[in-house]
Every structure is written in structure tokens, then in C-alpha cells.
Amino acid sequence: MKTITTTTPLLPEATAQQLAAELTELAQQERTTLGVADANYLLKLVQWQRIFAITGRVLMLGCFWSAWFLLPAVLLLALAKIIDNMEIGHNVLHGQYDFLQHRYLNSKHFEWDIACDAKSWQRTHNFEHHTFTNIIGKDRDFGYGLLRLSNDFRWRLRNLWQVFTYFMLSTLFQWGVSYHELAAQRVFFGKKKADRHTQVSDHELKRAFFGKGFKQLAKDYVFFPLLCWPVFGWVLLGNFLANLIRNWWTATVIFCGHFTEQVYTFKEEDCHNESRGQWFYRQMLGSSNFTGPRWLHILTGHLSCQIEHHLFPDLPAWRYPALAKKVQQIAKRHGIPYNTGSFAGQYLTVLRRILRYSLPG
Amino acid sequence: MKSVLTRHITESMLVQSSVRSYFEPLVRLLVPHYRAGAIAAKVLKIKKQAGYVWLTLKPSSGFNGFLPGQHIDLSCEINGSRVQRTFSICSSLQEFQQNGTIDLAIKLVANGQLSRWLERSVLLGSWLYMSKAQGEFVLKQQKPLCLIAAGSGITPIRAMLLSISRMTQPITLIYSYRGDGVFNDDFRALAAEFPLFNFIAHDTENSPRLSVDSIMQHISDPAATDFYLCGPTPMIQQLKPALQQLGHRVSSESFGGVSSDALVQAVTFHRESAQQQVSGQGTLLQLAEQAGLNPRYGCRRGICQQCQCQKLQGQVKNLLTGELSGAGAEPIQLCISEAVTSVDIRL
Chain C
-9 MKTITTTTPL LPEATAQQLA AELTELAQQE RTTLGVADAN YLLKLVQWQR
41 IFAITGRVLM LGCFWSAWFL LPAVLLLALA KIIDNMEIGH NVLHGQYDFL
91 QHRYLNSKHF EWDIACDAKS WQRTHNFEHH TFTNIIGKDR DFGYGLLRLS
141 NDFRWRLRNL WQVFTYFMLS TLFQWGVSYH ELAAQRVFFG KKKADRHTQV
191 SDHELKRAFF GKGFKQLAKD YVFFPLLCWP VFGWVLLGNF LANLIRNWWT
241 ATVIFCGHFT EQVYTFKEED CHNESRGQWF YRQMLGSSNF TGPRWLHILT
291 GHLSCQIEHH LFPDLPAWRY PALAKKVQQI AKRHGIPYNT GSFAGQYLTV
341 LRRILRYSLP G
Chain X
-2 MKSVLTRHIT ESMLVQSSVR SYFEPLVRLL VPHYRAGAIA AKVLKIKKQA
48 GYVWLTLKPS SGFNGFLPGQ HIDLSCEING SRVQRTFSIC SSLQEFQQNG
98 TIDLAIKLVA NGQLSRWLER SVLLGSWLYM SKAQGEFVLK QQKPLCLIAA
148 GSGITPIRAM LLSISRMTQP ITLIYSYRGD GVFNDDFRAL AAEFPLFNFI
198 AHDTENSPRL SVDSIMQHIS DPAATDFYLC GPTPMIQQLK PALQQLGHRV
248 SSESFGGVSS DALVQAVTFH RESAQQQVSG QGTLLQLAEQ AGLNPRYGCR
298 RGICQQCQCQ KLQGQVKNLL TGELSGAGAE PIQLCISEAV TSVDIRL
């Protein structure tokens, strides 16, 4: 098996400063062009999301006549959920559209169609993952405490079947995401970690976890099926399948963002008091992109441009593909690796990585 | 009880806080000016006069009237972003009852984002968005009144006076301005109509600022008179305590947005139960923490939005970009914001 162990290359501080200046300049330039185009894009997106969701749910009623209605209905509902979670939810919750001062499409008030409470996700994702990207021990998104994806982790017996664990994680992805913070805080199991700072009590975490989870279960498996009583079973099945497709899709996209073969990891002690340039550098080495047509970018919430997303998490994501060209040039100029490839190609390397580290060494 | 249950069910089924906000994007396909949670108002007239933009608006059916002296929150979509400021209604109740319109007289401010946009870019027939009327600054008593206004503080008082159809108590209006008294003609006409109404125009270009003594000269029965003050915060701060000390009942409304030159600005943090004023140097996050307020935070370097709060009013500087914010309500990140004027924050 090809070895993919790489030591993270260091960037001289002078280059880091240059990098920070260039990337900041790029972001500032982009910021001056923010405006009505972003408002219109977001509106159109939400309009399509609503149309897909409503059409999908209405089509399920067609199962009264023929079970074939289930197929388009499930696909449309899954599509609506994917757009809601990825291109709308993920990006709105990052505060990318907060400058619009929209009354409800903003990072304070938005709630998404997924089991995870938006506020909990913002704490673990926006703060922990985006601040400490790929720092082993600080960024729990690296392997989610379940998978061994680099030799920074000691090998354990359970890693032997981690391909199966990975499959289960993808299948139950929305619940994994919603349980993420509770696992980190050792709410139910394990010993509390002394160095974890938190401003939310275990009680609040449990309340949000069960509250949002219950609402989602009630919606998809009680309310909507009851509302369509004669086809109760079909609607229940249809909602389950739509959630499943969404789970597989989001997990696949997200794994391609940080767990491809050429992604680097970092040690906590190397990142103490890092400069803004070094932070930018770590974001670039810790993320990977993939290429594809525009619709693919939209369905991934533009996480296909993970590098740009990590450099500029608060710029509207639909602008990333254009920024990517410029970021790639900057990377090339400074000799910084820029990890990109086709969707399938990148995903294959993710699978290779998972397999590689299921074995010791 | 029922409404709480319905709200819970809609919230879970639509994953939205209201049915309106779920359907708003679709309604906008048919009615482009529809906005959930706001009252759309059509711009019927635009007039520029004596440093003011004067708008006549026709609110849609969600608007259920106002008491003269009340204000509304006006939102405009400027290059896609919603900008909101508070303005007093300056037209009379009769006008609203007859034509369904309200007037706003908006003072042009040198760097005012909204007022300059209104001056340059607002179009006849376009739509702006407003809240219901609110505010306690309304006439209550059948007693002799003295109304004192400075600058754009005259707008709610104009609405109060023009809405009076029968005057049975003596009313004195002292209007302090610099250069051009924007509504002087209206008040002179009013004085001609009602003998009990006394209008005093006070131009500060050639006379000193108002003081309690200069005010009292114009009032015949000081002991029985109630006072209404409306104008910039420093004026209210100067006159209100002095009048209260003399035993008068004083209602007031201050028009904020004053930028003082002091280096250390007063920052007021509003919480559900109480508010707390702090001043000092440093980011707003540091100030809030020094005051023991324990706001939520995360990265402390402007990445994660965990410390994002709603600024109610005042200007802040973004320490990452060096940019100055607008003066109105908008979300800001505490960890990278420094107060440039006095600022109100909702935690």
C-alpha cells in the first residue's frame, strides 16, 4: 500500500506575512463587491428549496395511486434537504449573509432541517473546527473521535473495522453532527476534560439535543405521515429515504474536504500564538477542493471549495469558485501545496486514507 | 395555550419561526415587495427642503394607525442590505385618516448612509418597509403645555400640533434650529388659526442656545405648565433635570446619533432584565467582560461569529478591516469592534 505519511512542511514567517497580506487584500476587494447580487442569489436559492420541498411532499400523496410516485418525491425532498443544509444552512449559519441584515436568513435566527441544533453546530463548527482546523486534539472534526485518519493517533483494535464505522457514521450523519458537542463535553459518557472551555451547561446541551432531535423526528415520522393519512406508510418511508440520501451526500462531501490523502495535520504546540499568515497557511494545508460543474458546487454548499471556505468563512460561498483561481495563483507563487482534483478522485483517496489507517503504523 | 401549541407545530414542521417566513420567498414571486414581519409602504412623494428629505408614504394594510408624536422603524434595502433607522411621523392624524398616508421629514446627515441614499436614490413608487408605530412621547394632558424642540426633534411635535383640531389649553412651542426653520410656515399658520397657540422660533445662528431662563420668559403660567422636550441628547440632558428640579412634569425623547469627540465612549449593554453602562478602552468584548457580563465568545479573532450581537445604535470600528459601521441597528462581532461613538448593544 502506498504510504501517505507526510510531515507538515513549515512556512517561513516572512512568507506567511506576505501570504496574509495578499489573502487579506483579496478578501477586502471581494468585500467591496458584496451587495444586491448576494441578496438575489440567496432569495432564488430559498425559492428553489421551498419549491422542491413542497413538490416532493405533495408528490408523496401520489403513492395512493402508484408506488412509482415515491421515486421523484424522495429525490425532490432529498434535494430540498441538501440545499437547505448545505448551500443555505451551512453558509447562512457562518454569517456569510449577515451583512444583508435579513430578518430571518441570518446566523442568529436561522434553523435548519437537520437533527442538529444550529447553535450547537455553530460552537463546534464555526469556532472549534474553523479556528483549530486539523490541529490534532483541538479539532474534533478530524476523525470525529471515531476514525483514525493519521498516525497522530495510536492504533486501536477497533480501527480494524473503521470502514464499517465510517459507513455507519455516514448513514446516521445528522445524528453524529447533533451529538458531536455532547460527545466532546462528555455529557453522557467518559471523564470530563479539564482543558475544555465551555459556556454552555450540560443541561442546556441535552435540552437542545433532545429538543431539536425530537422536533425533527416528530416532523418526518409523525406529523407529515399523519397529515397524509391514507398513505401514512409511504410518507414515513419517503421521509426516511430522503434523510438517508441527505446523510450520505453530506458525509461524502465533508469527508472530501479534510480527509483526502494530501491533507496535513498539525500539533497543538506548533500553533501556539500563530500569526494570521500561519493560520491562513494551516487552513490551506488542512483542506482540499474538488472540481465539477456549477450544480455540483451548489449541492455541496460550495464545500467543494473547502480551501477558500476555510480562508474566508464569512464571504458568501457562491463567490468561492471565482476566488479559487486567484487563491491557487497565490499558493503557486509561494510554493504552497493546493490540494484539488475531481470529486471521484478525491473521494477515492478518502477511502484509501480510511483503509490505510485501519492498520497499525 | 393554543397559540403556543400551533407555534410549536409550525416551528417543527416548517423548521421556521413562522408560517410567513416559510412562504415569504414564494410570495415574493407574485408580490415582489412582500416582506414577512414588516409593513411595506409605497413612496408617494419625495421633497427636498432645507436640509431634509420629506417622504410621503402609504403603508399597506398591516399598519393600524398611530398617535401623534410616535415613531416608526424605517428599513430600506440599499444595495441588497437592509438598513434601519427610527423616525418620528411628522404628519397629522387627519391626513392619515383621509389619505392613508404618513410623512417623514428626514434630516440629511453628512455621512448618513440612509438619509443620503434617500436623497439620491429613492424612487417614486418604490417600496420601503416599516414597523408599527411605537413610543410614549404623546400628548396626554389638558393642561398648559410647553413644547421645546431642537433640530430634527421637531418632527414628532409637528405631528402632535397638526393633529389638534380644537385647542382648549394654552400651548407654547419653542423651536430651536440653525439657519432654516423647516416647518416654520406650518407653525405660523397654526398660530394664526388658534389664539391659544404661541410659536417662538429660536434661531441659534444669531442667539445663544436655549436655557431654562430663556424658556421661562415665554411662559405665562409656569407653575401649571407641563413640558415636552425633543431633540439631541445633550439638550435633553441639560434641560430635563433643570426643569424637573423646578417641579415640572417633563416628557422627553432624545434623538441619538450624536458623535462626541471624547476618546472613551459610553457603551450600554442591554440584557432582557437590565442594562449596564460601561466605558473604557478595548474591544466591546473586553468591555463587556470587565463589567462581568459574561457574553458568549469563541475564537476572539473575528472568525467564528460566536460573539455576534445586535448593535442597536452608535458607530463602531471593525479592528480587522478598519472600517466604520453605520449608525443604526446591525449585527456586529464584539471581539473585533471598538466603540467610536456612544453605542448600545443587545447581549
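From first to last, the protein sequence lines stand for chains C and X. Under our numbering, the first residue of the first sequence carries the number -9, and numbering increases by one thereafter. Under our numbering, the first residue of the second sequence carries the number -2, and numbering increases by one thereafter. The beta carbon of each residue, even a glycine, is placed where N, CA and C say it ideally should be.
- Leaving out five residues on either side along the sequence, give the residues of the same chain with a beta carbon under 6 Å from the beta carbon of residue 254(X). Since pLDDT at residue 254(X) reaches only 47, below the 50 mark, its modelled position is unreliable, and the value read off the structure follows with that caveat. So the list reads 324, once near-sequence residues are dropped.
- chain C within 7 Å of residue 85(X), Cβ atoms only: For residue 85(X), the answer is no, since every Cβ of chain C falls outside 7 Å of its Cβ.
- Task: Could you tell me whether the Cβ of residue 85(C) comes closer than 7 Å to any Cβ of chain X?
- Result: yes
- Query: Do residue 256(C) and residue 272(C) come within 7 Å of each other at the CB atom, strictly closer than that value?
  - Reply: yes
- Message: For residue 327(X), would you say it is in contact with chain C, using Cβ-to-Cβ distances shorter than 7 Å as the test?
- Response: yes
- Query: For residue 87(X) versus residue 125(X), is the C-beta distance shorter than 7 Å?
  - Reply: no
- Query: residue 22(X) versus chain C: which residues are under 7 Å apart at the beta carbon?
  - Reply: What residue 22(X) touches in chain C: 33, 36, 37 and 40.
- Message: Please give me, in chain order, every unbroken run of the beta strand (DSSP E) with length at least 3 that falls completely inside the segment 212 to 260 of chain X.
- Response: 223 to 229 and 247 to 252
- Rounded straight-line distance, which links the Cα of residue 6(C) to that of residue 298(C): Looking at the two C-alpha atoms, the distance is approximately 17 Å.
- Three-way DSSP call (helix, strand, coil) for residue 342(X) in this model: strand
- Alpha carbon to alpha carbon, how far is residue 163(X) from residue 25(X)? Give it in angstroms, no decimals. Rounded to whole angstroms, residue 25(X) and residue 163(X) show a C-alpha spacing of 45 Å.
- Query: Residues in its own chain within less than 7 Å of residue 203(C) by CB, not counting five upstream and five downstream?
  - Reply: Contacts found: 105 and 168.
- Return yes when the Cβ of residue 299(X) is within less than 7 Å of the Cβ of residue 340(X), no when it is not. no
- Would you be able to state if there are at least three C-beta pairs under 8 Å between the segment 260 to 278 of chain X and the segment 237 to 244 of chain X? The answer is no - the segment 260 to 278 of chain X does not touch the segment 237 to 244 of chain X, with fewer than three Cβ pairs under 8 Å.
- If you measure from the beta carbon of residue 121(C) to each beta carbon in chain X, is any gap under 7 Å? yes
- So, does the CB of residue 128(C) fall closer than 7 Å to a CB anywhere in chain X? no
- Is the beta carbon of residue 328(X) less than 7 Å from the beta carbon of residue 88(C)? yes
- Message: Check for me: the alpha helix (DSSP H) holding residue 339(C) runs from which residue to which?
- Response: Where residue 339(C) is concerned, the enclosing alpha helix (DSSP H) starts and stops at 333 to 346.
- Message: Going by DSSP in three states, residue 33(X) sits in which element: helix, strand or coil?
- Response: In this structure, DSSP gives residue 33(X) a state outside helix and strand, which the three-state scheme calls coil.
- Message: Along the segment 4 to 16 of chain X, where does the CB come closer than 9 Å to a CB of chain C? Name the residues.
- Response: 5, 6, 8, 9, 10, 11, 12, 13, 14 and 15
- Query: Is it true that the segment 56 to 70 of chain C meets the segment 271 to 288 of chain C, where meeting means three or more beta-carbon pairs spaced less than 8 Å apart?
  - Reply: The segment 56 to 70 of chain C makes no contact with the segment 271 to 288 of chain C, as fewer than three CB pairs between them are under 8 Å.
- Task: Using a Cβ-Cβ cut-off of less than 9 Å, give me the residues of the segment 33 to 47 of chain X that come near chain C, in sequence order.
- Result: 33, 34 and 35
- Item | For residue 315(X), the first and last residue of its enclosing beta strand (DSSP E) | Membership of residue 315(X) in the beta strand (DSSP E) is indicated by the continuous run 313 to 315.
- Task: With 7 Å as the threshold, decide whether the Cβ of residue 108(X) is near any Cβ in chain C.
- Result: Answer no: the Cβ-Cβ gap between residue 108(X) and chain C never drops below 7 Å.
- Query: Does any residue of chain X bring its CB to less than 7 Å from the CB of residue 94(C)?
  - Reply: yes
- Item | Cβ-Cβ separation, residue 166(C) to residue 134(C) (assumed contact under 8 Å), whole Å | 7 Å
- Query: When the Cβ atoms of the segment 102 to 111 of chain X are set against those of the segment 120 to 137 of chain X, are three or more pairs found closer than 8 Å?
  - Reply: no
- Query: What are the residues that DSSP puts in a beta bridge with residue 56(X)?
  - Reply: 38(X)
- Message: If the cut-off is 8 Å on Cβ atoms, which residues from the segment 170 to 198 of chain C count as contacting chain X, listed in chain order?
- Response: 189
- Query: Within the 7 Å Cβ cut-off, does residue 333(X) reach chain C?
  - Reply: No, residue 333(X) does not count as interfacial toward chain C.
- First and last residue of the uninterrupted alpha helix (DSSP H) at residue 354(C): What the structure shows of chain C is the stretch from -9 to 351, and residue 354(C) is not part of that stretch, so it cannot be assessed.
- Determine, using beta carbons only, whether residue 25(C) and residue 76(X) come nearer to each other than 7 Å. yes
- Beta-carbon of residue 258(C) versus every beta-carbon of chain X: anything under 7 Å? With a threshold of 7 Å between beta carbons, residue 258(C) makes no contact with chain X.
- Query: Within 10 angstroms of its Cβ, does residue 38(X) collect 16 or more other Cβ (buried), or is it exposed?
  - Reply: buried
- Query: In whole angstroms, what is the alpha-carbon distance linking residue 307(X) and residue 331(X)?
  - Reply: 10 Å
- Does the Cβ of residue 57(C) have 16 or more other Cβ atoms within 10 Å, making it buried, or fewer, making it exposed? By the neighbour-count criterion, in which 16 or more other beta carbons inside 10 Å mark a residue as buried, residue 57(C) falls on the exposed side.
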